[in-house]
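Residue numbers (my numbering): 25 to 320.
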């Protein structure tokens, strides 16, 4: 087996795995704090990608494009547009259903996911698009043991920085500490006089931001299709299950593991790359139901 191929696929798995980690952390935050599996998480990822495409298209050829590449503008602003969608979903829909039966919340988010996916088709059409990496990141880098695309390497670095900043936010700020406490014990947070609805809104918004950022960063390597959100959503749940419910560190580690397993499997059996991670999830449920890092 070509060692250069294996090294390249390991790096590909790490790049993809870091995107999965962002998605997994966002889903973990919402699931842990709100106790709701966010079925709209995947379509928020898709909107991050499509908003990036739209911003690139709108700014290309304009004066601002001579100062900063349109792709960077898209990556900067698209996630915040996704946050606005997340705020609307939580404030108008989910917040009104907290007192209702859990099933209504699930059905609402499932309906939102379907509506937003159809909205993508209405706005941008059923045909997929691609977004090119900026010229400064479109070359390759000789790492000695492998020649690797500059954009994918940059993706690994950027997502690592984002994860570190997120960890500092969750561990070094009062809001972050409240979110982590809510994941561990929501009832305790609600009786401390904290505006729990505001924390719910911020948590859902943070999850939406991470999904939107992952979608924006994925555009040059994965392309855009209306079903991209539905395609990644099952993988997000695999990340959460393998990590353990409520474990942010676990979601990061699990995302990287799943990306690498998926990538390496594609060398020998490309058709089974997704099956491999679903088998991984099934074994985890059987052998260690609480996940790698979970306690419940």
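Every residue, glycine too, gets a C-beta built ideally from N, C-alpha and C. Keep in mind it's a predicted model, so treat the numbers as computed, not measured.
Any idea what DSSP makes of residue i, helix, strand or coil?
{"i": "residue 189", "result": "helix"}
{"i": "residue 159", "result": "helix"}
{"i": "residue 172", "result": "strand"}
{"i": "residue 317", "result": "coil"}
{"i": "residue 164", "result": "strand"}
Go ahead and label residue i buried or exposed: buried means 16 or more other beta carbons lie within 10 angstroms of its beta carbon, across all protein chains shown.
{"i": "residue 94", "result": "buried"}
{"i": "residue 197", "result": "exposed"}
{"i": "residue 114", "result": "buried"}
{"i": "residue 294", "result": "exposed"}
{"i": "residue 287", "result": "buried"}
Rounded to a whole number of angstroms, what is the C-alpha to C-alpha distance between residue i and residue j?
{"i": "residue 184", "j": "residue 250", "result": "27 Å"}
{"i": "residue 55", "j": "residue 133", "result": "12 Å"}
{"i": "residue 137", "j": "residue 65", "result": "8 Å"}
{"i": "residue 257", "j": "residue 142", "result": "16 Å"}
{"i": "residue 236", "j": "residue 164", "result": "26 Å"}
{"i": "residue 268", "j": "residue 60", "result": "15 Å"}
{"i": "residue 70", "j": "residue 86", "result": "25 Å"}
{"i": "residue 176", "j": "residue 245", "result": "8 Å"}
{"i": "residue 159", "j": "residue 306", "result": "42 Å"}
{"i": "residue 278", "j": "residue 266", "result": "6 Å"}
{"i": "residue 201", "j": "residue 195", "result": "6 Å"}
{"i": "residue 284", "j": "residue 253", "result": "20 Å"}
{"i": "residue 156", "j": "residue 298", "result": "26 Å"}
{"i": "residue 289", "j": "residue 259", "result": "15 Å"}
Out of the options, which has the shortest C-alpha to C-alpha gap to residue i?
{"i": "residue 179", "options": "152, 256, 263, 162", "result": "162"}
{"i": "residue 146", "options": "74, 261, 262", "result": "74"}
{"i": "residue 169", "options": "119, 53, 32, 317", "result": "32"}
{"i": "residue 121", "options": "193, 273, 221, 77", "result": "221"}
I want to see whether chain C comes within less than 9 Å of residue i, judged by CB atoms only; does it?
{"i": "residue 100", "result": "Within the model displayed, chain C is absent; a lone protein chain is all it includes."}
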